[in-house]
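In my numbering, the protein residues as written are 21 to 492.
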């Protein structure tokens, strides 16, 4: 099986298709297979019936897992479990030095169809990702998305997986909600050291086109079934949702406007309605999950790329106030709009790091204790915002600036951090972003030019878009 992915940013989901010679080979194989007896054996080739058998050597899980994990990242289509041996070894060393929480989805983003036919499982690629997280000392998190074809009206069988955008954006049909919950249970039994589970991803497939709103009733029904099954496996399993995308419109656009607004725009009222329903009707939750971008649905950064991150603070405060103060997770966050292909190469790396640092500051101010950076890993030498050099390269696996920022933020501001107000010179207030606890302060220059700043009683020069750590 090849790696499959939705290249997911807000509203941008893309599947990598086989082209050229590969497509011809696949077509030829399918033609050959169609002449074989239809005894079911070929459809289940490479699968197993014992999906809940414990895989590998699980790390010893904590007796009392915390619902707050700190700052980490999500594995995407190409990650450090594939590539050249030297680069994979280097990546293992790089990630082992930081031991960050790491997310992997059960289908897509590097994982194959986990249950191609009812009761027949295919976990090779998910096993590989869990092994990577284990050997690098990360805390594993499983996102329970997406659904096998037979759960959403498609054909069963390992050879029949439809990786098209239309199929991948489809949620399980209601008659298969229990089947999906059973699959979640199987995954939890297979990896007993995984104690943190996110139910589904971005309400994918749950938008009701006829009523032009989210089918939050359907999602909540699915969520409650999955929640119950995971708690049956182990009461200590930590489960959260609803993983809604906090989309926003620019201030003058009254389309679906809400009271959750600011200079950065207005959050879509339909999203808030969905959150409110889930919050009221959920069977339980150990943490609450959101997702979103600092920019609007039209990719506008208002008033600018740094001040736009104030949206992340406002959303966090709103969610915390309405979730019973559950620990807040950002499963994804974006501060840099992509182009038509969802590529983000328009900013220099210092600019990118500075705006991301501002975004993390904003999430922390909004009450978030956990956040995951969506690693845009690809197989080339050029990869804007990647955490490490691609392991497909002979010299790959080494740390890149975004990982340095993420790891330092995670180290300095872990869950339970008590943030303190830091004095900033009045003429510097418009130009810097600051967050601090008793031991460290993070200062970001939001200008693309040098400045002299005075923060926390210290005066110092800063280069354009510099990110500076201060000891207190």
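Glycine is no exception: its CB is placed at the ideal position from the N, C-alpha and C atoms.
Of the residues the options, the one placed nearest residue i, counting alpha carbons only
i           : options               : result
residue 476 : 346, 163, 457 and 69  : 457
residue 378 : 484, 226 and 464      : 464
residue 527 : 67, 66 and 98         : A question about residue 527 goes unanswered here, because the residues of the chain that appear run from 21 up to 492.
residue 461 : 484, 480, 445 and 433 : 433
residue 214 : 424, 356 and 76       : 76
residue 495 : 212, 205, 127 and 245 : Residue 495 lies beyond the range of the chain shown here (21 to 492); nothing can be said about it.
residue 284 : 165, 318, 474 and 299 : 318
residue 374 : 231, 334 and 327      : 327
residue 394 : 312, 388, 335 and 441 : 312
residue 112 : 411, 370 and 239      : 411
residue 385 : 339, 243 and 106      : 339
residue 380 : 353, 324, 87 and 147  : 353
residue 501 : 272, 430 and 164      : Outside the shown range of the chain (21 to 492) lies residue 501, about which nothing can therefore be said.
residue 120 : 435, 323 and 270      : 435
residue 382 : 330, 88, 146 and 324  : 330
residue 148 : 102, 85 and 388       : 102
Residue burial classification, residue i (beta-carbon count within 10 angstroms, cutoff 16)
i           : result
residue 343 : buried
residue 301 : exposed
residue 110 : buried
residue 472 : exposed
residue 390 : buried
residue 268 : buried
residue 160 : buried
residue 489 : exposed
residue 415 : exposed
Any non-hydrogen atom of the ligand NAP closer than 6 Å to residue i Cβ
i           : result
residue 241 : The model depicted lacks the ligand NAP and carries no ligand whatsoever.
Endpoints, the alpha helix (DSSP H) within which residue i is located
i           : result
residue 295 : 289–301
residue 424 : 421–432
residue 163 : No alpha helix (DSSP H) contains residue 163, which is instead part of the beta strand (DSSP E) from 160–164.
residue 110 : 105–116
residue 309 : Careful: residue 309 lies outside any alpha helix (DSSP H), inside the beta strand (DSSP E) at 307–313.
residue 246 : 236–253
Boundaries (first-last residue) of the beta strand (DSSP E) holding residue i
i           : result
residue 491 : 487–491
residue 462 : 460–465
residue 453 : 452–456
residue 197 : Premise fails: residue 197 lies in the alpha helix (DSSP H), 197–210, not in any beta strand (DSSP E).
Alpha-carbon to alpha-carbon, residue j and residue i
i           : j           : result
residue 227 : residue 186 : 13 Å
residue 486 : residue 453 : 11 Å
residue 492 : residue 478 : 10 Å
residue 444 : residue 174 : 59 Å
residue 401 : residue 469 : 28 Å
residue 209 : residue 253 : 7 Å
residue 441 : residue 459 : 12 Å
residue 201 : residue 274 : 38 Å
residue 20  : residue 91  : Absent from the structure is residue 20, since the part of the chain shown begins at 21 and ends at 492.
DSSP bridge partner residues for residue i (one or two, in chain order)
i           : result
residue 223 : Beta-bridge pairing links residue 223 to no other residue.
residue 350 : 310 and 391
residue 338 : Residue 338 is not bridged to any residue.
residue 482 : 471
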